[in-house]
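Chemist: This is the structure I have questions about; it appears just below.
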Amino acid sequence: MSELKVQQLLKEFDLNKLKPVIFIYGNEDVTKNLFIEKVKSVLATTVFWGDELDFKTFLNEIGTKSLFSTERVIVVRQFEDFVENLKKEELKVFLETLKKITLPKRLILITSFEKIPSSEPYKTLVSLADVLVSNKLSSTGFYTSIKNKLQREGKVISEENLQYLVSLLNNDLTLAKNEIEKLLLYTADKKEITKEDIDAVVTPKFEENVFVFLNNFFKKDKIALKQAINLIENGAHPFEIQSLILSQLEKALYVKSLLDEGIPIEEAFSKVGITAPIQKSNISNILKSRNETELQNLLKSLYSLELQQKVFYQDPTEKFTEFLIKSLVG
């Protein structure tokens, strides 16, 4: 199986050289996003999220014909979530449908896998599609991309300060994009970028990951709001964070029900499938911070939130922020 690098395709963008079905995997979301934006700039494109897309809708979209036979692109992000919801018979129909996709229709399937699974539908997919990989840049490649960006913007920066800037960005393209834009805005009226400029506006790699956010969220620590906003600004989607909150909630409630039955906590963890020490610690902290009624109310609030976002199409980030504020101060 031959693979193409998304980074290279962005430099030499030509969809005509690619098959109607494109499969993208890898752990670098920025280049995936840039690729999709390129596609959207040249062709009519509809984007779906895998956890929201049902099989019937997928078939309808694939089967819809354009009035003027112009090219149309269907993108499924978090494709692995779509696959997880397929029934056995639906999977068979899906594979047969893939084989029939021809121009002017295109299908782009995006996953976050670092390695392609050998199971179906991926086994068939890689034989039918052009496979694109979107991995993080090497340290040298990341350094070069930052250097080239500043040069294109007409900025001058010493080697020492460039290395310092790169070290703060920790090989994270999403973070780099945001921080470089801030730096360019800050130095708009000058040619040379100094260390003082960097220190004034560049925020180092975000140290608090989503699990720290979850811990603070369940403790009702108001810093969780800032952490959530930071996560979203650095590439996390509200649906991803909500999914993690829901997962933690369901596990905590399950463990609580087992404890109420008199089952020892370690046995309860085992029954729920919680094995890692950090997972055990997180669930224990949730049960200490929130009583069962609070957890049930949070669960109801989450379902209500998803209804507003996915059924009534209200802004995901805005509604998620409202949910956080209510949950943290309630």
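Throughout the sequence shown, residue numbering follows full-length UniProt numbering, covering 1 to 330 in sequence. Where a beta carbon is used, it is the ideal one built from N, C-alpha and C, also for glycine. This structure is a prediction, so every number in the text was calculated from the model and none was measured.
1) Out of Lys115, Gln309, Lys32, point me to the one whose CA is closest to Val76's CA.
2) Measure the C-alpha to C-alpha separation of Lys310 and Val83 and round it to an integer number of angstroms.
3) By DSSP, does Gln8 sit in helix, in strand, or in coil?
4) Skipping 5 residues on each side, what residues in its chain have a beta carbon closer than 8 Å to that of Gln248?
5) For the pair the region 224-231 and the region 290-305, tell me if three or more CB-CB distances fall below 8 Å.
6) Let me know the secondary structure DSSP gives Val48 once reduced to three states.
7) Hey, out of Lys99, Gln163, Lys155, Ile110, whose CA is closest to Gly141's CA?
8) Are Ile157 and Ile193 closer than 7 Å when you measure CB to CB?
9) Do Lys136 and Glu28 count as a contact pair if the criterion is CB distance below 7 Å?
10) In the structure shown, what three-state DSSP assignment does Phe23 receive?
11) Use the C-beta contact count for Glu96: other C-beta atoms within 10 angstroms, 16 or more gives buried, fewer gives exposed.
12) Ignore the nearest five residues each way along the sequence and tell me which others in Ile232's own chain have a CB closer than 7 Å to its CB.
13) Based on the DSSP output, what are the partners of Glu192 in its beta bridges?
14) At what residues does the beta strand (DSSP E) containing Lys105 begin and finish?
15) Counting along the chain, where does the beta strand (DSSP E) carrying Leu132 start and finish?
16) How far does the alpha helix (DSSP H) with Val329 in it extend, from its first residue to its last?
17) Closer than 8 Å by C-beta to Ile274: which residues in its own chain qualify, once you throw out the five before and the five after it? Chain order, please.
18) Check whether the Cβ atoms of Val73 and Arg106 lie closer than 7 Å to each other.
19) If you draw a straight line from the C-alpha of Leu67 to the C-alpha of Asp315, how long is it?
20) Taking Lys11 as the reference, give the member of Leu34, Ile24, Lys19, Val21 with the closest Cα.
21) Taking Cβ positions, are Phe79 and Gly50 nearer each other than 7 Å?
22) Can you tell me whether Ala44 is buried or exposed? The criterion is at least 16 other CB atoms within 10 Å of its CB, across all chains shown.
23) Run through the region 241-285 for me and flag every whole alpha helix (DSSP H) of 4 or more residues, listed as ranges in chain order.
24) Run through DSSP, which three-state label would Val73 get?
25) Note down, in chain order, each residue of its chain lying with its Cβ closer than 6 Å to the Cβ of Val6, except the 5 sequence neighbours on either side.
26) Whole-angstrom Cβ separation of Ile198 and Lys149, contact assumed at under 8 Å?
27) Short check: CB of Val21 to CB of Ala176, under 7 Å?
28) Tell me the rounded alpha-carbon separation between Gln120 and Tyr25.
29) With Ile232 as the anchor, note down where its alpha helix (DSSP H) starts and where it stops.
30) In three-state DSSP terms, what is Glu3?
31) Expressed to the nearest angstrom, what Euclidean distance is found between the alpha-carbon atoms of Asp260 and Ala268?
32) When you compare only the Cα positions, how much space is there between Lys115 and Asn60?
33) Expressed to the nearest angstrom, what Euclidean distance is found between the alpha-carbon atoms of Tyr122 and Lys195?
Modeler: The relevant details are as follows:
1) Lys32
2) 19 Å
3) helix
4) Leu214, Phe218, Asn282, Ile283, Ile286
5) no
6) According to the sequence shown, residue 48 is Phe rather than Val. Looking at Phe48 - three-state DSSP - the assignment turns out to be strand.
7) Gln163
8) yes
9) yes
10) strand
11) exposed
12) Pro238, Thr317
13) Val156
14) 105-110
15) 130-133
16) 316-329
17) Lys251, Val255, Lys280, Ile283
18) yes
19) In this predicted model, Leu67 has a pLDDT of only 46, less than 50, meaning its place in the structure is not dependable enough to derive any value.
20) Leu34
21) yes
22) exposed
23) 265-272
24) strand
25) Thr31, Phe35, Leu132, Ser134
26) Not really, about 14 Å apart at Cβ, beyond 8 Å.
27) no
28) It should be pointed out that residue 120 corresponds to Glu in this sequence rather than to Gln. Roughly 15 Å separates the two Cα atoms.
29) 223-233
30) strand
31) 10 Å
32) 30 Å
33) 47 Å
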